[in-house]
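For reference, the structure is listed below as structure tokens.
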Amino acid sequence: KTVVATINEIIKELKAQSQVDVEHIGHIILAGNTTMTQILLGLDPKYIRLAPYIPVANFFPPVRANSLGIEVGKQVYLFTFPSVAS
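So for the sequence shown, the UniProt record's numbering puts the first residue at 1; every next one is plus one.
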């Protein structure tokens, strides 16, 4: 919830600065550390702290951003950069 709340706050700040309506957002591209990406996507990151330090997955398919609670139109897809493993 905290990750999504932070993303929503960033979107609000960008909207205020750019005066672009949220309805004009077409895609969201997310780059973050492996743990935060997994938390955002609702995946349990506990295995990344255990040898051999492998995340649940390295690549994630695009997801509808609003299905995660991100306050954008339902047409907006969220794309994530691949995760890094040891």
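C-beta: ideal position from N, C-alpha, C; glycine also.
For residue i and residue j, what's the separation of their Cα atoms in angstroms?
| i | j | result |
| --- | --- | --- |
| Gly73 | Glu23 | 6 Å |
| Leu40 | Leu68 | 7 Å |
| Asn8 | Gln38 | 17 Å |
| Ile28 | Pro52 | 31 Å |
| Pro55 | Ala31 | 15 Å |
| Ile11 | Arg49 | 31 Å |
| residue 87 | Asp44 | Limits of the chain in this structure are 1 at one end and 86 at the other, which puts residue 87 out of reach. |
Excluding the 5 residues flanking residue i on each side, which residues of the same chain have their C-beta closer than 8 Å to its C-beta?
| i | result |
| --- | --- |
| Val4 | Leu40, Leu68, Gly69, Ile70 |
| Val63 | Leu41, Tyr77, Leu78 |
| Asp21 | Lys15 |
| Thr34 | Pro45, Ile48, Pro55, Ser83, Val84, Ala85 |
Based on DSSP bridge pairs, tell me the residues matched to residue i.
| i | result |
| --- | --- |
| Phe79 | Ile29 |
| query | Unbroken alpha helix (DSSP H) runs of length 4 or more, entirely within the segment 22-73: which are they? | reply | 34-40
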